[in-house]
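Q:
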Amino acid sequence: MDFGLVLQTDPPASAVVDLMRRAESAGFRYGWTFDSAVLWQEPFVIYSRILDHTERLIVGPMVTNPTTRAPEVTASTFATLNDMYGNRTVCGIGRGDSAMRVAGRKPNTLATLCEAMSIIRDLAEGREADVGGTPLRLPWVRDGKLPVWMGAYGPKALALAGQEADGFILQLADPTLTAWMVRAVRTAAADAGRDPASVTICVAAPAYVGDDLAHAREQCRWFGGMVGNHVADLVARYGEGSGMVPEALTAYIKQREGYDYSHHGRAGNPSTDFVPDEIVDRFCLLGPVESHRERLEELRALGVDQFAVYAMHDAKEATIDAYGSEIIPAFTG
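For our numbering, add 742 to where a residue sits in the sequence shown, where the first one is 1.
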């Protein structure tokens, strides 16, 4: 199992770079960031610095979207980084949540996302792509490689991930829901004539190592609110109790009353009071090292290839170090 670190690009950018360097030294293989141009600093500028100050770390957004960055621009940006640093990027992409809503737009359709994934991958790897009816190619790309991993929750999005994406990003670490969603992705891949095992499975969630469970919950409760945004979209689209989405995912948002993106992904987010302790415990990895190992073993048995640690709390360094010394070696040795 691989491990990734997920950060927001809050200033100063040098602190993000330092944490990524620390993560690589601790054994993490991937360095991810949020991508919302209004809320945080520009991640692709920071990726260049991270790549320059690390040797092996693979970097990318968790996740970008097809609209705030035009697909040909996204492809060229990734291809430039790969040309400079040797194919050390991955494109995490989705319909768009904070980046779109903060700018007053709705998330993209799955059709737009599907088209963008194909364009970005083809252009970044040196192939011609049809962009709005115009054939385009990046003539300077040589030996480019760009895996495109898609974030998804709902049945149609999960199917698209299985049909088209190189990897699937699931932003929660509940084993029951993970099993359901991984099965949906792999079934879609098989139905499309693909090898289901060829789709990389990445689970991303907050991790907080320590014995003070109450404090850890408060530091990570924001995550239930972030996931709740996506769940609310699913309920609006499919209806509550439709059977299209597991009740284990939808039940907890009944008390949800809006969301303030100025606190998005941050500890102490006041828009997440509706998230119960049970959801925090199910969606996140909290507690002593042994608890983390047990959950990770469950996830690995479900076919999870990477666990990406959201470190938006008051123990970033301690969590990186604990994973590096006591958890990562047990899963990568």
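Positions of the beta carbon are idealized from the N, C-alpha and C atoms, including for glycine.
Which whole runs of the beta strand (DSSP E) in the stretch 839 to 902 are 3 residues long or more, in chain order?
A: Listed in chain order, they are 871 to 873, 876 to 878, 890 to 893.
Q: Can you tell me where the alpha helix (DSSP H) holding D825 begins and where it ends?
A: 813 to 827 is the span of the alpha helix (DSSP H), which, as asked, contains D825.
Q: Among I800, A993, D954, which one has its Cα closest to the Cα of V969?
A: Comparing Cα-Cα distances from V969 to each of I800, A993, D954, the minimum goes to A993.
Q: Between D839, F820, R843, which lies nearest to A866 when the distance is taken from Cα to Cα?
A: That would be F820, whose Cα lies nearest to the Cα of A866.
Q: How many angstroms separate the CA atom of V927 from the CA atom of M986?
A: Each residue's Cα considered, the two are about 14 Å apart.
Q: Tell me the rounded alpha-carbon separation between V758 and P803.
A: Computed Cα separation, rounded: 14 Å.
Q: Using a 10 Å radius around the Cβ and a threshold of 16 neighbouring Cβ atoms, would you call R879 buried or exposed?
A: So R879 ends up on the exposed side.
Q: Using only the alpha-carbon positions, how far apart do G952 and R963 sit?
A: If I take the Cα positions, the gap works out to 16 Å.
Q: Between which two residues does the beta strand (DSSP E) carrying Y1052 extend?
A: Its beta strand (DSSP E) spans residues 1048 to 1052.
Q: Out of curiosity, what's the CA-to-CA distance linking Y1052 and A915?
A: Distance between the alpha carbons of Y1052 and A915: 11 Å.
Q: Hey, how far is the Cα of N850 from the Cα of E814?
A: Looking at the two C-alpha atoms, the distance is approximately 17 Å.
Q: Taking C-alpha atoms, which residue in T920, E906, P917 lies nearest to D933?
A: Selected option, being the one with the closest Cα: E906.
Q: CB-CB under 6 Å to G1045, same chain, minus the five flanking residues each way: which ones, in chain order?
A: The residues are V924, I943.
Q: Am I right that F1049 and F745 are in contact with their C-beta atoms under 8 Å? What's the rounded C-beta distance?
A: With 8 Å as the limit, F1049 and F745 qualify as a contact, their Cβ atoms being about 6 Å apart.
Q: Could you tell me which of I911, V832, L781, E797 sits nearest to M762, measuring between CA atoms?
A: Of the listed residues, the one whose Cα sits closest to M762 is E797.
Q: Name the DSSP bridge partner or partners of V945?
A: Paired residues: L912, F1049.
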